[in-house]
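> Quick one: structure below, then a few questions.
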Amino acid sequence: MIRRPSTSATRESRRPSVRRPGAFGIDLVLLAIILLLLPQTLELGAGARRFPLIMLAVMALLVLLDAAMEAFPAVRRRMGFLEADFVEVASLDVPELQVQPDDLPAESARTFRVLTVWQALAWLTALGAGMSYFGYVVTTPVFLGLFFLWARVPLRVAIGITLVMTCLNYFVFYDFLGLR
Amino acid sequence: VIDGMQDAFQTLFTGNNYLLPLLGTVLGLIIGAMPGLGPAAGIALIIPITYGWEPEEAFLLMASMIGGTSFAGSITAILVNTPGESSNAATLLDGYPMAKNGQASTALSISAISSAVGAIFGLAVFIAVLPVSRAMILKISYPETFVIGVVGLFIIALISRGSLVKGLIAGGLGFMLSFVGRDLITGEARYTFGSLFLEDGIDYIAILIGLFALSEAIALLVEPDVPAEQRKLGLRAHWRQIGDGVRVCRRYPRILLQSSAIGTLCGIIPGVGGSVSSFMAYAAAKQSAKDPEKFGTGDPRGVLASEAANDAKDGGALIPTVALGLPGSPVWAVILGAFLVHGIAPGQEMLTQHLDVVFLIILGLLISNVLTSVFGLALSPMLAPIAKMPGVYVSPVIFVIALLGAYTIGLRPGDIIIAMLAGILGFVLKRQGFSLVPIVIGMILGQIVERSLGQTMLTLGPTAFFTRPISLSVLLLGALAFSLPLLRKRRSKRGSRAADRVEKDEAAR
Chain A
2 MIRRPSTSAT RESRRPSVRR PGAFGIDLVL LAIILLLLPQ TLELGAGARR
52 FPLIMLAVMA LLVLLDAAME AFPAVRRRMG FLEADFVEVA SLDVPELQVQ
102 PDDLPAESAR TFRVLTVWQA LAWLTALGAG MSYFGYVVTT PVFLGLFFLW
152 ARVPLRVAIG ITLVMTCLNY FVFYDFLGLR
Chain B
275 VIDGMQDAFQ TLFTGNNYLL PLLGTVLGLI IGAMPGLGPA AGIALIIPIT
325 YGWEPEEAFL LMASMIGGTS FAGSITAILV NTPGESSNAA TLLDGYPMAK
375 NGQASTALSI SAISSAVGAI FGLAVFIAVL PVSRAMILKI SYPETFVIGV
425 VGLFIIALIS RGSLVKGLIA GGLGFMLSFV GRDLITGEAR YTFGSLFLED
475 GIDYIAILIG LFALSEAIAL LVEPDVPAEQ RKLGLRAHWR QIGDGVRVCR
525 RYPRILLQSS AIGTLCGIIP GVGGSVSSFM AYAAAKQSAK DPEKFGTGDP
575 RGVLASEAAN DAKDGGALIP TVALGLPGSP VWAVILGAFL VHGIAPGQEM
625 LTQHLDVVFL IILGLLISNV LTSVFGLALS PMLAPIAKMP GVYVSPVIFV
675 IALLGAYTIG LRPGDIIIAM LAGILGFVLK RQGFSLVPIV IGMILGQIVE
725 RSLGQTMLTL GPTAFFTRPI SLSVLLLGAL AFSLPLLRKR RSKRGSRAAD
775 RVEKDEAAR
């Protein structure tokens with residue numbers, strides 16, 4: 002009897018037909034960027050625009066293909082060979098390294114806040130804006146202190162990390178290395 | 275050559291010079307562990323301190339720093355998914371998943387051992403080809419560099435996890451980012467939108483920090499997924515893991531040698547450098563594996579391949595740097611500047627009058643690689659717990675260090691904003707199935723490829739890509755790399771259809 006190989010191709014053919022609006026949205030944004038850059042590229046001199054123009058054309062084709070695959074599951078199924086990990090063959094069982102936990106007590110359950118995506122992005126943006134406008138020496142302790150308080154991190158940990166990072170920033174980067 | 279070696283050993287054991295490799299290694303480890311502050315930045319900071327030193331002492335210290343930074347960059351890549359420098363970016367593909375699976379010490383010990391083996395291999399090749407290096411380098415010209423760059427990016431997209439089309443789009447995005455700023459040949463400003471800051475171009479280190487460090491830190495905050503039972507491992511468990519790492523290195527000698535050879539070869543090609551070498555070695559290990567789907571999920575072979583190539587490239591990069599004055603990577607460009615500061619001209623003069631300096635660089639690299647391996651093995655039990663800290667502790671620290679790393683590139687606040695935007699972009703793209711690796715490779719290769727294309731068209735014409743033996747061979751290799759997996763898939767699809775038919779026949783009976 003022939004053994005059925007477990008391959009990406011067979012898995013691909015059985016993949017449920019789902020639309021992925023997020024990925025399609027990214028393709029649309031990329032297309033908009035390409036359209037925005039096209040007139041700028043055409044205004045450049047012959048030498049400066051040669052490679053960007055080639056890349057814009059190639060990118061537009063790829064993005065259109067990807068958008069078609071995201072919008073129409075039938076196209077994605079047909080182009081399945083491009084969809085999954087391209088370099089993939091049947092798996093052979095190779096013994097994996099095992100994690101060997103010892104008898105030490107596990108850390109207690111989390112009590113701190115789990116952030117939503119928007120909250121995480123807002124904190125990062127605040128830090129980035131603060132560092133570029135007020136400098137890293139001032140922004141770092143303020144950011145870390147506020148973040149740890151807001152995220153309900155244990156006070157001892159919060160103070161420890163904030164102090165270490167503030168000292169590192171001031172004594173090593175600002176004072177010793179002279180990064181101003 | 276033997277006189278040069280003798281002089282180098284004499285200098286090493288004169289006064290306190292034998293302490294310089296130790297000092298350089300420690301400095302390298304500290305600098306390399308800071309995202310964005312790689313060996314190039316570290317050596318640039320050291321050059322002013324060495325103004326009054328003898329050139330031999332200065333280059334012994336600098337070479338030792340290179341060895342230290344290479345390994346330290348892998349520590350942060352493995353533990354916090356933040357490569358210390360771009361050439362460690364391939365290490366995090368499997369190193370970080372290993373750390374998340376509770377195998378941080380194994381990954382660190384693999385990195386330490388493979389780094390040492392790779393470095394020794396690269397330097398051995400350098401010593402062997404030193405006499406014929408000049409003739410060899412002159413064979414590689416613009417068409418070869420262009421073809422190697424394009425085929426290299428294509429292969430990176432091939433081996434990326436997920437969709438090939440998305441991998442190629444990511445690579446194209448990297449190329450597009452590299453176009454921002456003044457054109458290298460015509461000097462015209464491109465895609466700057468009137469901004470003076472963008473006229474200098476976007477630094478790929480800022481993008482790299484954002485894509486890898488910041489996007490992962492965001493993910494750590496919103497998807498805290500470290501299993502509680504893996505939080506703490508005792509010292510014995512760590513040493514067991516280190517033993518596992520040693521066994522992995524002994525189990526895959528072919529990958530170790532193959533990756534070291536790739537690293538050395540990539541190092542030889544001027545301007546291609548370390549990032550490409552580790553990704554190419556990773557790709558080759560994945561391509562030649564019987565179970566490539568395990569790569570990217572915490573496969574120790576991924577760490578082995580990328581780290582061996584990363585350290586082997588330094589031996590290769592020495593060849594064009596000292597023989598022709600063409601740096602193999604950014605760090606060697608800084609070393610080249612240091613040569614000039616100390617009044618040493620690379621090329622014929624370097625290989626005849628200053629051969630002792632060349633051998634001191636080799637000694638510095640060798641000693642520091644052995645020292646970092648020892649430090650790496652000894653320190654991994656202390657370092658590994660970093661990987662298991664809750665995201666809410668680690669992420670804000672990564673945010674600060676990463677943005678500070680971006681600022682240190684050129685002390686421009688704009689780089690902080692670029693890194694921040696790249697972090698958000700990386701997080702969004704990764705969530706939608708895009709691989710981030712081709713973006714960085716595209717950015718690194720973009721300028722090299724564009725310059726080579728322009729120079730080929732101006733001097734040799736478009737047919738040069740197909741008439742020169744090296745570029746034609748690389749093109750054929752690229753075609754083979756694309757068609758082999760396709761043929762394999764087709765064959766396995768036929769096999770599954772045949773199996774379906776047999777099953778149907780059996781059911782009908």
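If you're matching them up, the sequences are chains A and B in order. Each position in the first sequence, counted from 1, maps to that position plus 1 in the numbering used here. Each position in the second sequence, counted from 1, maps to that position plus 274 in the numbering used here. Glycine included, every Cβ here is placed at the ideal spot set by N, Cα and C.
Below 9 Å between beta carbons is the criterion; list the residues of the stretch 124 to 138 of chain A that meet it against any residue of chain B, in chain order.
Those would be TRP124, LEU125, THR126, LEU128, GLY129, ALA130, MET132, SER133, TYR134, GLY136, TYR137, in chain order.
> Could you give the DSSP three-state label for LEU98(A): helix, strand or coil?
Here the model assigns LEU98(A) a pLDDT of 36, short of 50, so the residue's position is not dependable and the matter cannot be decided.
> Would you kindly work out how many angstroms separate the C-alpha atoms of GLU490(B) and GLY697(B), rounded to a whole number?
The alpha-carbon atoms of GLU490(B) and GLY697(B) are separated by roughly 8 Å.
> Give the residues from the stretch 675 to 688 of chain B that approach chain A closer than 7 Å (Cβ to any Cβ), ordered along the chain.
Cβ contacts with chain A: LEU677, LEU678, TYR681, THR682, LEU685, PRO687.
> Should ILE690(B) be flagged as near chain A, meaning a C-beta pair shorter than 8 Å?
Yes - at least one Cβ of chain A is within 8 Å of the one on ILE690(B).
> Assuming ASP368(B) and GLY576(B) form a contact by the criterion Cβ under 8 Å, report the distance between their Cβ atoms to the nearest whole angstrom.
Right, their Cβ atoms sit about 3 Å apart.
> What's the C-alpha gap between ARG505(B) and GLY376(B)?
Unreliable positioning characterises ARG505(B) in this predicted model, as indicated by a pLDDT of 45, which lies under 50. A coordinate reading is not provided.
> What residues in its chain sit with their C-beta under 6 Å from that of VAL403(B), if we drop five residues either side in the sequence?
Here the set comprises nothing.
> Is there a Cβ from chain B that is less than 8 Å from the Cβ of LEU36(A)?
LEU36(A) does not count as touching chain B.
> Have a look at ARG21(A), MET70(A), ARG79(A), LEU164(A) and flag the residue whose alpha-carbon is nearest the alpha-carbon of GLU671(B).
A small fix is needed here, since residue 671(B) is Val in this sequence, not Glu. For VAL671(B), the nearest C-alpha among the options comes from LEU164(A).
> Strictly by DSSP, which residues pair up with ARG456(B)?
DSSP, once it has assigned bridges, lists ALA463(B) as partnering ARG456(B).
> Which residues bound the alpha helix (DSSP H) around LYS374(B)?
Here the alpha helix (DSSP H) through LYS374(B) covers 363 to 374.
> In this structure, does DSSP put THR571(B) in helix, strand or coil?
It is coil, neither helix nor strand.
> Taking the beta carbon of LYS587(B) as the centre, do at least 16 other beta carbons fall within 10 Å, making it buried, or is it exposed?
Buried is the call here.
> Nearest to GLN41(A) by alpha carbon, out of LEU29(A), LEU57(A), VAL30(A), ASP28(A)?
Closest option to GLN41(A), Cα to Cα, is LEU57(A).
> Taking Cβ to Cβ, would you say LYS374(B) is nearer than 8 Å to PHE708(B)?
The answer is no: Cβ separation not under 8 Å.
> Contact defined as beta carbons within less than 8 Å: I believe VAL667(B) pairs with VAL139(A). What is the distance between those atoms, to the nearest angstrom?
For clarity, residue 667(B) is Tyr in the given sequence; the question names Val instead. Not really, about 22 Å apart at Cβ, beyond 8 Å.
> To the nearest angstrom, how far is the alpha carbon of PHE144(A) from that of ALA121(A)?
Roughly 13 Å between the two C-alpha positions.
> So which residues on chain A does ARG705(B) lean against when the C-beta distance must stay under 8 Å?
Neighbours of ARG705(B) on chain A, chain order: GLY23.
> At the 8 Å Cβ level, is PHE793(B) part of the contact set with chain A, yes or no?
Absent from the structure is residue 793(B), since the part of chain B shown begins at 275 and ends at 783.
> What's the C-alpha gap between VAL748(B) and ALA431(B)?
Going from the Cα of VAL748(B) to the Cα of ALA431(B) covers about 16 Å.
> How far does the alpha helix (DSSP H) with SER469(B) in it extend, from its first residue to its last?
Run containing SER469(B): none; DSSP gives neither H nor E here.
> Tell me the residue span of the alpha helix (DSSP H) that contains ILE481(B).
Start and end: 478 to 482.
> Determine, using beta carbons only, whether PRO40(A) comes closer than 8 Å to chain C.
No chain C is part of this structure, whose protein chains are labelled A and B.
> Scan the stretch 443 to 457 of chain B for residues whose Cβ lies nearer than 7 Å to a Cβ of chain A and list them as they occur along the chain.
Listed in sequence order: ILE443, GLY446, PHE449, MET450, PHE453, ASP457.
> ILE160(A) versus chain B: which residues are under 9 Å apart at the beta carbon?
Residues of chain B passing the Cβ test: none, with the nearest at roughly 12 Å.
> Rank PHE52(A), PHE113(A), LEU45(A), PHE174(A) by C-alpha distance to the C-alpha of PHE793(B) and give the top, closest one.
This structure gives no information on residue 793(B), because the portion of chain B shown stretches from 275 to 783.
> Grouping DSSP H, G and I as helix and E and B as strand, with all else coil, what is PHE113(A)?
If DSSP states are grouped into helix, strand and coil, PHE113(A) belongs with coil.
> So SER697(B) contacts chain A; which residues on that side make the cut at Cβ distance below 8 Å?
Per the sequence shown, residue 697(B) should be read as Gly rather than Ser. Neighbours of GLY697(B) on chain A, chain order: LEU125.
> If I measure Cβ to Cβ from LEU54(A) and keep anything under 7 Å in the same chain, skipping five residues before and after, which residues do I get?
So the list reads THR42, once near-sequence residues are dropped.
> Are the C-beta of ASP67(A) and some C-beta of chain B separated by less than 8 Å?
Chain B, which has a Cβ nearer than 8 Å to the Cβ of ASP67(A), makes this yes.
> Please name the residues in the stretch 711 to 728 of chain B whose beta-carbon is closer than 8 Å to at least one beta-carbon of chain A, in chain order.
Taking 8 Å as the Cβ-Cβ cut-off against chain A, the residues of the stretch 711 to 728 of chain B that qualify are VAL723, GLU724, LEU727, GLY728.
> Among the residues of its own chain, which have a CB less than 8 Å from the CB of PRO102(A), if the five just before and after it don't count?
Note that PRO102(A) scores 42 on pLDDT, short of 50, meaning its location in the model is unreliable; the coordinates nonetheless yield the value given after this. Excluding positions up to five away in sequence, the list is empty.
> According to the neighbour-count rule (16 or more other Cβ atoms, all chains shown, within 10 Å of its Cβ), is GLU44(A) buried or exposed?
Flag for GLU44(A) reads exposed.
> Please check if any C-beta of chain B sits within less than 8 Å of the C-beta of VAL143(A).
Not an interface residue.
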